[in-house]
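Top to bottom, those sequences are chains D and P.
Residues 1 to 327 (our numbering) are what the first sequence spells out, left to right.
Residues 328 to 624 (our numbering) are what the second sequence spells out, left to right.
Step one of this worksheet: look at the structure below.
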Amino acid sequence: MSAIPVTTERLPRRHGRALGDPLFRWILIGSSALVLLILALMIGSTTIDSIPVFFSQGLWQFLTGTTWDPGFSRTEITGTYQAGVFLYGTLVTSLIAIVLALPVSVGIALFLTDLAPMRVARTLTYLVELLAAVPSVVYGLWGLHFFAPVILKPPAEAVSDAFGWIPLFAGPVISFNFFFAGVVLAIMIIPIISAIVREVFSAVPDSERFAAYAMGATRWEVMRSVVVPRSRPGIIGATMLGLGRALGETIAVALLIGGGTTINFSIFQQGESVAAKIVNTFQESTPEGIDALIALGVTLFAMTIVINVAARLIVRRIGDVSGDAVA
Amino acid sequence: MTAMTGPLQRPPLKTSGGNARRRTAFNRAMGVVLSAAVLLALIPLVLIIAVIVANGLPAMNWEFLTSTFNFSRREPGGGYLHGLVGTLYMGGLAALMSIPIGIAAAIYLTEYPRQRLAGLVRFFADVMTGVPSVFVGLFVYTLLVRQIGFGTFVGALSLAIIMLPIVVRSSEEILKLVPGELKRGSYALGARHWQTIFRVTLPTAAPGLITGAMLAVARALGETAPLVLTALAAQSVVLDFQGGGQTALPLLIFREARGAFEAGQQRAWAGALELMALVLLLTIIARTIGARSRYGR
């Protein structure tokens, strides 16, 4: 069903309408170009405003240092701005989210493509997609006042009691921490990862499934030795897209991670993420402090854009390949 | 492809001899594990809706819907009218900005699919959907807020930038489905390119386009982070187009969710109920329109 491009380029121009089509075409081109222009402006405008911060701190110091001490100048950078603590928080929460969300998402996708009857699969797909429609501030409110204290805290305390000798799980479990933020992030990225993985799974040609069944494989064996191995690049791409989303997620993390200025190694301790730092301190910031927050934003953007471009390249290649294979 | 997507029928395995018994048992166990994965994702959905309704309903009343903050935020009473107005105001403006441009770009992508610009726009629109929304807020701050101040317009602009790539990509998928025969029929009757687009392509794709646009609006209405940096805040209903700050439901929920006052948290729950109702209603209506039409999703 590939669309055949239909154009009227060769039609003779008639009086009075001659301007219509070229004009129309330029409007379309302009609108498309605007997408690229906005992206370019995004990179340019924020980078220009944050360059003084990167220069005064030194890029390496900015990324790895752990001191954030804003100055009060209107014209120059006088404070110390180092993003290490926030980068750590962003990475830890995103890692927790991916570790939890990936197996669940792959399980959902397998269930929906290879196990559930069509009608059930359609309803369940719809419900999982609704999960993606919930605003992140609602996730934050729900996580802060219900999910974290009521559902997550007891098991977290049990784990901390049993394995507290491992620094990663050291107690006490405080009411804002990396783990709570990570779990809520996981719930938020499950619909994103599972939607893409599902598409990748359904692009596996049925003939290959038939072949495995013909050799006597059980359903699970078909999934494990045909569907999943063939989709591995797609699963990696989907995971990266989920990771990109987790890194940039702001409000839910801001409400759950608690804030702080030191690096805690236990996942049951509080911290701060890059995105959360921006919304948490923006309103109280001095002019140079805002430039520093913009520098944080540029750092976050650079991380997500690299991950997104790589993931899109991977997923797009799958799409092309499977598109040819299925048609 | 369409006829083949359902699960395949497996002929019953002989369960005697060899390792068949162990393998079928393992197969069954994995079936349970995979079902559990789906349950694991649906439990939060049920819990979110249940908890928001349970906490939001007691705090929800006519006063909440129709009044703004009380003089003291420690006290119960008052409501989020200013948030609702700001959300709808900025959401409406953002829709006006992003939907026409997004659909125009999508028309370009489907009418000139092999142009180099089309390939670039398609790819970078996908990439743009992954840009953190807080960064979009920072961008609008550096570009405009520093010059013209906080307010409704800059807030709406940040929402529009978040919506744009979503509108482009969803509209393109829909426009691709419009049959070439219809367009060729229109050309055969002597219509120009732009006439064909307006009289044939767009009306045919309309339900699907509306679905995509509504989903994008639903996404924008729930955004908080970009508004923190562009709309800032407001204590009462703001109708100004620009300047002086604006507020929105997500902003008010965010502020009061972590406040120390019990009354504020109650309002946050009611606000979450209001926002969820708005967003889920839009989402469900959008999907219903899309599912009913032939060229929808």
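For glycine and all other residues, C-beta sits at the position ideal for the given N, C-alpha and C.
Residue i - DSSP class collapsed to helix/strand/coil
i: residue 68/D; result: strand
i: residue 81/D; result: strand
i: residue 404/P; result: coil
i: residue 260/D; result: coil
i: residue 314/D; result: helix
i: residue 44/D; result: helix
i: residue 271/D; result: strand
i: residue 534/P; result: helix
i: residue 19/D; result: coil
i: residue 468/P; result: helix
i: residue 2/D; result: With a pLDDT of 49 at residue 2/D, under the threshold of 50, the modelled position of this residue cannot be trusted; read the value that follows with caution. Residue state, collapsed to three classes: coil.
i: residue 265/D; result: coil
i: residue 75/D; result: coil
i: residue 503/P; result: coil
i: residue 519/P; result: coil
i: residue 379/P; result: helix
i: residue 306/P; result: Summary: the structure shown does not reach residue 306/P, with chain P confined to residues 328 through 624, and so no result is reported for it.
i: residue 320/D; result: Bear in mind that the predicted position of residue 320/D carries a pLDDT of just 45, short of 50, making it too unreliable to give a figure here.
i: residue 305/D; result: helix
i: residue 249/D; result: coil
i: residue 207/D; result: helix
i: residue 551/P; result: coil
i: residue 286/D; result: coil
i: residue 525/P; result: helix
i: residue 215/D; result: coil
i: residue 174/D; result: coil
i: residue 620/P; result: coil
Contact set for residue i: own chain, Cβ-Cβ below 8 Å, skip 5 residues either direction
i: residue 408/P; result: 392, 393, 394, 395 and 564
i: residue 400/P; result: 583, 586, 588, 590 and 591
i: residue 569/P; result: 475, 476, 478, 479, 480 and 481
i: residue 314/D; result: 233, 234, 236, 237 and 240
i: residue 141/D; result: 255
i: residue 561/P; result: 409, 413, 571, 572, 573 and 574
i: residue 225/D; result: 212 and 217
7 Å CB neighbourhood of residue i in its chain, flanking five on each side removed
i: residue 297/D; result: 46 and 278
i: residue 386/P; result: 593, 594, 596 and 597
i: residue 527/P; result: 509, 510 and 513
i: residue 104/D; result: 190
i: residue 430/P; result: 494, 498 and 536
i: residue 331/P; result: In this prediction, residue 331/P scores a pLDDT of 48, lower than 50, which makes its location untrustworthy; the coordinate-derived value is nonetheless stated afterwards. Same-chain partners within the cutoff: there are none.
i: residue 176/D; result: 256, 257, 258 and 270
i: residue 550/P; result: 460, 486, 489 and 577
i: residue 402/P; result: 590
Nearest to residue i (by Cα), restricted to the options the options
i: residue 577/P; options: 494/P, 413/P and 455/P; result: 413/P
i: residue 371/P; options: 183/D, 23/D, 87/D and 82/D; result: 183/D
i: residue 303/D; options: 257/D, 274/D and 137/D; result: 274/D
i: residue 555/P; options: 68/D, 282/D and 194/D; result: 282/D
i: residue 229/D; options: 53/D, 72/D, 209/D and 127/D; result: 209/D
i: residue 75/D; options: 179/D, 306/D, 291/D and 300/D; result: 291/D
i: residue 630/P; options: 470/P, 580/P and 425/P; result: A question about residue 630/P goes unanswered here, because the residues of chain P that appear run from 328 up to 624.
i: residue 415/P; options: 614/P, 615/P, 609/P and 434/P; result: 609/P
i: residue 620/P; options: 366/P, 533/P and 471/P; result: 533/P
i: residue 559/P; options: 485/P, 603/P and 573/P; result: 573/P
i: residue 364/P; options: 101/D, 206/D and 261/D; result: 101/D
i: residue 406/P; options: 606/P, 612/P, 487/P and 599/P; result: 599/P
i: residue 531/P; options: 552/P, 519/P and 506/P; result: 506/P
i: residue 548/P; options: 81/D, 166/D, 134/D and 32/D; result: 134/D
i: residue 487/P; options: 427/P, 449/P and 348/P; result: 427/P
i: residue 545/P; options: 473/P, 421/P and 384/P; result: 421/P
i: residue 264/D; options: 168/D, 317/D and 205/D; result: 168/D
i: residue 107/D; options: 253/D, 220/D and 266/D; result: 220/D
i: residue 86/D; options: 77/D, 262/D, 166/D and 317/D; result: 262/D
i: residue 579/P; options: 137/D, 247/D and 252/D; result: 137/D
i: residue 389/P; options: 397/P, 552/P, 404/P and 360/P; result: 404/P
Same chain, Cβ closer than 6 Å to residue i, neighbours up to 5 away in sequence not counted
i: residue 338/D; result: This structure leaves residue 338/D out entirely; chain D is present only between 1 and 327.
i: residue 245/D; result: 189 and 192
i: residue 322/D; result: Residue placement at residue 322/D is flagged as unreliable, the pLDDT there being 33, under the threshold of 50; the coordinate-derived value follows with that caveat. So the list reads 203, once near-sequence residues are dropped.
i: residue 308/D; result: 244
i: residue 160/D; result: 169, 171, 173 and 268
i: residue 186/D; result: 97, 100 and 101
i: residue 379/P; result: 599, 600 and 603
- Message: If we require 4 or more residues per run, which alpha helix (DSSP H) segments fall completely within the stretch 89 to 170 of chain D?
- Response: 118 to 133, 136 to 142 and 153 to 163
- Write down every uninterrupted run of the alpha helix (DSSP H) in the stretch 393 to 457 of chain P whose length is 4 residues or greater and which is fully enclosed by it, in chain order. 408 to 438 and 443 to 455
- Query: Going along the chain, which unbroken runs of the alpha helix (DSSP H) with 4 or more residues stay wholly within the stretch 554 to 587 of chain P?
  - Reply: 576 to 584
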